[in-house]
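**Q** Just so we're aligned, residue 12 is where the sequence shown starts under this note's numbering, counting upward by one.
Below you will find the structure I want to go over with you.
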Amino acid sequence: MEALTVQPGVAGSVRLEHAPEPAKSGLLVDTLLVGVCGTDAEIVAGEYGTAPPGRERLILGHECVGRVVDAPKSRTLEPGDLVVPMVRRPDPVPCPSCAVGEWDMCQNGLFTEHGIKQADGFARGRFEIEEDRLVPVAATLGDLAVLVEPASVVAKAWEQIERIGARASWSPSRVLITGAGPVGLLAALLARQREYEVAVLDRVTTGPKPGLVSDLGAKYHVGPVEEAIASPDIVVECTGVGSLVFECIAVSGPNAVVCLTGISTGGRTLDIDAASVNRRMVLENDVVVGSVNANRRHYEAAVAALAEADPAWLGRLITRRVPVTHWAEAFGKQTEDVKVVLDFGRRDG
Numbered sequence: 012m013e014a015l016t017v018q019p020g021v022a023g024s025v026r027l028e029h030a031p032e033p034a035k036s037g038l039l040v041d042t043l044l045v046g047v048c049g050t051d052a053e054i055v056a057g058e059y060g061t062a063p064p065g066r067e068r069l070i071l072g073h074e075c076v077g078r079v080v081d082a083p084k085s086r087t088l089e090p091g092d093l094v095v096p097m098v099r100r101p102d103p104v105p106c107p108s109c110a111v112g113e114w115d116m117c118q119n120g121l122f123t124e125h126g127i128k129q130a131d132g133f134a135r136g137r138f139e140i141e142e143d144r145l146v147p148v149a150a151t152l153g154d155l156a157v158l159v160e161p162a163s164v165v166a167k168a169w170e171q172i173e174r175i176g177a178r179a180s181w182s183p184s185r186v187l188i189t190g191a192g193p194v195g196l197l198a199a200l201l202a203r204q205r206e207y208e209v210a211v212l213d214r215v216t217t218g219p220k221p222g223l224v225s226d227l228g229a230k231y232h233v234g235p236v237e238e239a240i241a242s243p244d245i246v247v248e249c250t251g252v253g254s255l256v257f258e259c260i261a262v263s264g265p266n267a268v269v270c271l272t273g274i275s276t277g278g279r280t281l282d283i284d285a286a287s288v289n290r291r292m293v294l295e296n297d298v299v300v301g302s303v304n305a306n307r308r309h310y311e312a313a314v315a316a317l318a319e320a321d322p323a324w325l326g327r328l329i330t331r332r333v334p335v336t337h338w339a340e341a342f343g344k345q346t347e348d349v350k351v352v353l354d355f356g357r358r359d360g
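So this is what it looks like as structure tokens:
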């Protein structure tokens, strides 16, 4: 079978190569679609990623939807079922968080991640995996389930926001989302499902993003942060732009929760009035929280949220389906891209 592999730490080392078929001793899944995201681009650029122990190369791909081929010992899954594999695997110790199924909050860093850290990903024709690492998906969602993994990150962020908000009497109504990439748009979707007033901040003025936001019943904004929405109760920051993070803190309302999901690249310094930021956060009971990855609970919440969404709207998030044989095109960013996926069922352009 074919697999898309990379030598982590070496830019330009990606190649589509033959890989051995998985053993047929357990549950087998055929890969349908694999999403391409910023983390994949960083791994391809040699900036991130770790190969499995004893190996030089890593199979890419952590956003995946597949179809069960064989499930000889399963009590719940059958051949033909759609499934989404979870990315992170708990550490083998395990730490207190991993021991209770909250590997997204791993305390010792010994977790592994498919396609990212010490575990092969799903950008291959077929893979074998344990049943408890799969999340079933209704056939009605179809291959749009490739969006479940990024939606799980958003579902966790919303869970964190709501848990923090429960510290006091809190009735949020206004939400600011920064960034209209897949994570930002899915964050806006979940905000609108909660019936909040939503503004999405981004830089582009053309392409599908403004329409996607508008069709959610949200406001698309390209101007200054402070003009996007008045005193937001919730901010979900999806860009990782350092200066924007502090602007979000500055414009948030009293008792606000600012949730950071974007990861900054580093290498830049900012002049920050730290005393002013401290004063504002203390006097207004503001909270800034980081959120990354997801556990099974969040994957299941993501599946439920996508099932509730308009499938036509979800379909518009996937702006390019690239045959795996043309994989290089998937990493060449185009101006109107939202979500690009590798299609393992197509063999041509």
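Beta carbons are placed, not taken as given, at the ideal position from N, Cα and C, and that holds for glycine.
If you measure between the beta carbons of E67 and Y59, is that distance less than 8 Å?
**A** No, Cβ-Cβ distance for E67 and Y59 is not below 8 Å.
**Q** Apart from the five residues on each side of it in sequence, which residues of its chain come closer than 8 Å, Cβ to Cβ, to I175?
**A** Cβ neighbours of I175 beyond the five flanking positions: V268, V298 and V300.
**Q** So for A130, helix, strand or coil by DSSP?
**A** A130 falls in the strand class under three-state DSSP.
**Q** Going straight from the alpha carbon of V256 to that of A134, what length do you get?
**A** Near 33 Å, if we compare the C-alpha coordinates of A134 and V256.
**Q** Could you tell me which residues DSSP pairs with Q77 in its beta bridges?
**A** This sequence places Gly at residue 77; Gln is not what is there. T42 and V94, per the DSSP bridge assignment.
**Q** Using a 10 Å radius around the Cβ and a threshold of 16 neighbouring Cβ atoms, would you call H29 buried or exposed?
**A** Exposed, because fewer than 16 other Cβ atoms sit within 10 Å of the Cβ of H29.
**Q** Might you give, ordered along the chain, the residues of its own chain that have their beta carbon closer than 7 Å to the beta carbon of E347, omitting 5 neighbours on each side?
**A** So the list reads G218, P219 and T330, once near-sequence residues are dropped.
**Q** To the nearest angstrom, report how far apart V349 and Q171 are at their CA atoms.
**A** Between V349 and Q171, the C-alpha separation is close to 25 Å.
**Q** Where does the unbroken beta strand (DSSP E) through P64 begin, and where does it stop?
**A** Here P64 belongs to no beta strand (DSSP E), and DSSP marks it neither H nor E.
**Q** Using CA coordinates, which residue listed in A62, D143 and G132 is at the minimum distance from S85?
**A** Looking at the Cα atoms, D143 is the closest of the given residues.
**Q** Near L223, what residues of its chain come up, given a Cβ to Cβ distance below 8 Å and the 5 sequence neighbours on each side ignored?
**A** A191, L196, W324, R327, L328 and V349, listed in sequence order.
**Q** Which class does R332 belong to by DSSP, given the choice of helix, strand or coil?
**A** R332: strand per DSSP, three-state reduction.
**Q** Count the C-beta pairs between the region 223 to 234 and the region 278 to 292 that are closer than 8 Å, then say yes if the count reaches three, no if not.
**A** No contact exists between the region 223 to 234 and the region 278 to 292.
**Q** Name the residue from L155, Q118 and V293 whose alpha carbon lies nearest to the alpha carbon of L353.
**A** Of L155, Q118 and V293, the residue nearest in Cα terms is L155.
**Q** Between E311 and V146, what straight-line distance do the alpha-carbon atoms span, to the nearest angstrom?
**A** Looking at the two C-alpha atoms, the distance is approximately 7 Å.
**Q** Using 8 Å as the cut-off, can you tell me whether the region 178 to 188 makes contact with the region 113 to 127, which would need three or more C-beta pairs spanning the two stretches below that distance?
**A** Contact between the region 178 to 188 and the region 113 to 127 is absent, because fewer than three Cβ pairs lie under 8 Å.
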